[in-house]
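Colleague: Take a look at the following structure, please.
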Amino acid sequence: MQQPCAISVQNVHKSYGKTKAVNGLSFSVKHAGCFGLLGPNGAGKTTMMKMVYGKAERDAKPEGVINVLGFDPQHNPLNVRHLLGVVPQDDNLDVGLNVYQNLSLFAKFYGLSGSAAKTAIEHLIEMMELTDKRYSKTRELSGGMKRRLIIARALLNNPKILILDEPTTGLDPQVRHMIWDKLRLMKKDGITMLLTTHYMEEAFQLCDDLIIMHKGEKVIEGQPRELLEQSIEKYVLDIVNKERMDKIKDCLNSPSLRADISRETLHIYSNHIVELNEIASQLEPGDYFLRAANLEDLFIKATGRALDDSG
Amino acid sequence: MTQDNSSPYPPLSHRIYAVWYRHMRVYSSNLLSNGLPPFLEPLIFLAGIGLGLGKYVPGFGNVPYVVFLAMGLPITTAMMTAAFECSFGTFINLEFNKVYDGMLAAPISVNNLIIGEMLWAATKGFFFAFAVLVVTVPFGVIPLPGGLVMPFIGFITGLMFASLSLLVTSYVKTISFFNFYFTGFLSPMFFLSGVVFPLAELPEVLRYVAEALPLTHPVRLGRSLCLGQLRLELLFDVLYIAAFIALAGYLALKRLRRRLID
């Protein structure tokens, strides 16, 4: 029987000792959709992912529910893992082996061998553009190639769901765009994706729906475009020279403006660009930067500017 | 991506085999540096201790000293290789290169992973004991055909020390802690388990200590079978070995599970 959602998570809690990593989280991922878990470091994104594929167990109390393609990953981890592929945050390839061997060893974990394994591996090597590197040891690969190999490995068993934990962190723009293109193609093929990232552009490029998490809780949920339209002002004026703040202090009382001071920068948000232009005209050209608001502004509005150094 | 994955995940035997196969492939990808030392090491040991020191030591009963010593060597070698594999090796896979995290993203359970690891360490025990046999038999220091039992005792010894080492690893937070295990436990045991001299030579109190130590039992079992001396006492060794593997293995599984699953 087809489940209404590929992944459904209801009221899930997870603590490590006294620390609450995930606190009453609920969301659902529709079939062939891409769902983003966003949030600063330590927000509980990776922990939530691990619970989805049975690498972490949720708290027994209060009781929560996780359903992945009809299975509870805590009780049937092998059923779940057979149907999904995981791209972890850390590279965990076998460094002493080459690209082909890394894939063929992993194919065995899925029970693929002989010609079936060979066909799948050849296809993935070509798709991830690793053909020239098939006999290179993984320790000789660049960061981008390693990432592509890990994605290829996650696709070996033709998964229905792909779990991506910060798939493009630390990669150059070329590789990042290539990976995004590949992921979009997979989505077209009907693969459901669950993605964590703290790159807002990545979420904007790939996700149909997303939630922003903070300290284990959901703070915002919606579709990227909709959220941009509804939950954040259209324009931002970043004033990078703090000494100029006095000069424009009086302008900030307008009700249509929202100001936010971070360490050395003043950010003024508004839906009216005219108003921001007026303020900017009182400043020197190098002191400010006027731009359209993006998901990152929403992210910061939702989760605050404080650094979370606890995790 | 042409595969149909609607069939259920692979059966138990295949999952354990896949884990074992992964270790075998990684090991054999550096065949020269991994495969040569087990053949050289016993030669050096026998030359230094057996031939050099052995001249000054009379035999025990009608067994020359170098023969007595040589019959313990396959077992201790099997112990050391299994202990290394399941302490340093396991810790690295667990904490540094995150190989286990990769496996646990595939349809492999924690139990499959640990049992595959134990069987691989036992296989290395078999192989290393076999290597000792190969290099010592030409010198006539291990009697045949009795000596052919050694690789099998090596396998069992490998299982024992894989279980124990995995249990130790489950407590270890920093890798240097293993120094205590090797210098503080395994090395002294080498001298107290009837490898270099018969236990009968020990004071009575130490004899009881020796009987409690795990290495004593495969050494006695191996040497007796090698010499064709079947005694009822050996049944005790077999029972000890079976109970040891079962208990240490069970505890290791239980504790490592907590480390592998958050």
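Chain order of the listed sequences is C and H.
Numbering follows UniProt numbering, in which position 184 of the first sequence is assigned residue number 184; successive positions increment by one, without gaps.
Numbering follows UniProt numbering, in which position 100 of the second sequence is assigned residue number 100; successive positions increment by one, without gaps.
Note that the Cβ used here is the ideal one computed from N, Cα and C, for glycine as well.
Note that the structure is a prediction, hence the values are computed from the model and not measured.
Can you tell me whether residue 248 of chain C is buried or exposed, with buried defined as 16 or more other CB within 10 angstroms of its CB?
Modeller: buried
Colleague: Under 7 Å Cβ-Cβ, which residues of chain C neighbour residue 261 of chain H?
Modeller: 55, 56 and 57
Colleague: What separation, rounded to the nearest whole angstrom, lies between the Cα atoms of residue 231 of chain C and residue 269 of chain C?
Modeller: Rounded to whole angstroms, the gap between the alpha carbons of residue 231 of chain C and residue 269 of chain C is 12 Å.
Colleague: Have a look at residue 13 of chain C and residue 27 of chain C and give me their C-alpha separation to the nearest angstrom.
Modeller: 13 Å
Colleague: Could you pull out every unbroken alpha helix (DSSP H) segment of at least 4 residues lying fully inside the region 33-78 of chain H, listed in chain order?
Modeller: 37-45
Colleague: Got a sec: is the Cβ-Cβ distance from residue 181 of chain H to anything in chain C below 8 Å?
Modeller: no
Colleague: Could you round the C-beta distance between residue 23 of chain H and residue 120 of chain H to whole angstroms and report it? I think they count as a contact, below 8 Å.
Modeller: 4 Å
Colleague: When burial is assigned at 16 or more other CB atoms within 10 Å of the CB, is residue 2 of chain H buried or exposed?
Modeller: Low confidence applies here, because residue 2 of chain H scores a pLDDT of 40, under 50, leaving its location unreliable and the question unanswered by this model.
Colleague: Please name the residue, chosen from C/10, C/43, C/5 and C/144, that lies closest to residue 215 of chain C on a Cα-to-Cα basis.
Modeller: C/43
Colleague: Grab the span of the alpha helix (DSSP H) containing residue 114 of chain C for me, first residue to last.
Modeller: 114-127
Colleague: Residues of chain C with CB under 7 Å from residue 257 of chain H, in chain order?
Modeller: Here the premise fails: no neighbours, minimum Cβ distance about 10 Å.
Colleague: Residues of chain H with CB under 7 Å from residue 86 of chain C, in chain order?
Modeller: By Cβ distance, chain H contributes 105.
Colleague: Could you list which residues in chain C have their beta carbon closer than 9 Å to that of residue 22 of chain H, in chain order?
Modeller: 94, 105, 106, 108 and 109
Colleague: Could you give the first and the last residue of the continuous alpha helix (DSSP H) run that contains residue 140 of chain H?
Modeller: Annotation: residue 140 of chain H is outside any alpha helix (DSSP H) and is labelled neither H nor E by DSSP.
Colleague: Answer with buried or exposed for residue 4 of chain H, where buried requires no fewer than 16 other C-beta atoms within 10 angstroms of its C-beta.
Modeller: With a pLDDT of only 49 at residue 4 of chain H, under the threshold of 50, the placement of this residue in the model should not be trusted; the figure read from the coordinates follows. Exposed, since its Cβ has fewer than 16 Cβ neighbours within 10 Å.
Colleague: Across the region 168-179 of chain H and the region 242-260 of chain H, are there enough close Cβ pairs to call them in contact, namely three or more that are closer than 8 Å?
Modeller: yes
Colleague: Determine the closest residue to residue 112 of chain C out of H/112, H/107 and H/228, with distance taken between C-alpha atoms.
Modeller: Nearest option by C-alpha distance: H/107.
Colleague: Do you know how far the Cα of residue 212 of chain H is from the Cα of residue 310 of chain C?
Modeller: Because residue 310 of chain C sits at a pLDDT of 48, beneath the cut-off of 50, its placement in the model cannot be relied upon, and the following sentence gives the value as read from the coordinates. Roughly 47 Å between the two C-alpha positions.
Colleague: In chain H, which residues lie less than 7 Å from residue 147 of chain C when you measure between Cβ atoms?
Modeller: Within chain H, no residue has its CB atom less than 7 Å from the CB of residue 147 of chain C, the nearest being about 14 Å off.
Colleague: Comparing the C-beta of residue 175 of chain H with each C-beta of chain C, is any distance below 8 Å?
Modeller: no
Colleague: For residue 158 of chain H, name the three-state secondary structure that DSSP assigns.
Modeller: helix
Colleague: How would you call residue 142 of chain C, buried or exposed, if buried means at least 16 neighbouring beta carbons within 10 angstroms?
Modeller: exposed
Colleague: Can you find the residues in the same chain that come closer than 6 Å, C-beta to C-beta, to residue 257 of chain C, ignoring five residues on each side of it along the sequence?
Modeller: 268 and 270
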